[in-house]
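Engineer: Structure provided below as structure tokens; questions to follow.
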Amino acid sequence: MPIPVCSLILNERQRFAADGDYHVVRFPFGGGESYDAEGMHQVRQPDGEEVTDWRGDDRSGLIWPSVDGWGALTAMIQWEAGDYSELRDQIVRDPLGLSDDPVNTTATDHRRPSPGMQCFTKHHELFVHPHVPLAIRVAHNDGRPRHLVHAQFKLAIHT
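Numbering (our numbering), first residue to last: 8 to 166.
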């Protein structure tokens, strides 16, 4: 049986506030190197909502698993240079409160900046369900807004 896969890629700058809060990383629909043969990242979402502006709507950061199974998640995050002392990221089930178990976080990392470019990868595995969307969220503690310059978020479901 084929493994359902969704692979999202952001190849443009995305700005994040200097407020200390976690924010959903938003991804474009289709195009680029993104892959979504199973329809897990669509403009028309499984709950009937439609995303009209992917850059401004946190729903564009959601992957809706197509089946129940064991989800292998990977992410890559690249921040611009800044005056950070800490960069944060996490995987979250239902970051927008659309299910009966909202904002269920896992795989949270708090990191000191590295010398040079701020490039991080992560891998985490968990059970996934079609009615519970997944996202990657980020935060930083710089004194001013900062940009991700590249991001990837991928899900492979083993059934």
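Note that the Cβ used here is the ideal one computed from N, Cα and C, for glycine as well.
Thinking C-alpha only, which one of 71, 39 and 45 is nearest residue 52?
Structural biologist: Closest by alpha carbon: 71.
Engineer: Which one of 123, 148, 16 and 81 has the shortest CA to CA distance from residue 129?
Structural biologist: It is 81 whose Cα lies nearest to the Cα of residue 129.
Engineer: Pairing CB atoms from the region 152-165 with CB atoms from the region 28-47, are three or more of them under 8 Å?
Structural biologist: The region 152-165 vs the region 28-47: in contact.
Engineer: What's the C-alpha gap between residue 117 and residue 152?
Structural biologist: In a straight line, the C-alpha of residue 117 is about 18 Å away from that of residue 152.
Engineer: Straight-line CA distance for residue 139 to residue 93?
Structural biologist: Cα to Cα, residue 139 sits roughly 29 Å from residue 93.
Engineer: Going by DSSP in three states, residue 66 sits in which element: helix, strand or coil?
Structural biologist: Here residue 66 sits in helix by DSSP.
Engineer: Comparing C-alpha positions only, which one of 96, 103, 125 and 63 sits nearest to residue 113?
Structural biologist: Comparing Cα positions, the closest option is 96.
Engineer: Within this structure, are the beta carbons of residue 62 and residue 33 separated by less than 8 Å?
Structural biologist: In contact: residue 62 and residue 33 (Cβ atoms closer than 8 Å).
Engineer: What first and last residue would you give for the beta strand (DSSP E) that runs through residue 108?
Structural biologist: Run containing residue 108: none; DSSP gives neither H nor E here.
Engineer: Please look up how many angstroms separate the CB atoms of residue 191 and residue 69, rounded, as I've assumed it's under 8 Å.
Structural biologist: Residue 191 lies beyond the range of the chain shown here (8 to 166); nothing can be said about it.
Engineer: Using 10 angstroms around the beta-carbon of residue 10, count the other beta-carbons present and answer buried if the total reaches 16, otherwise exposed.
Structural biologist: Result: exposed.
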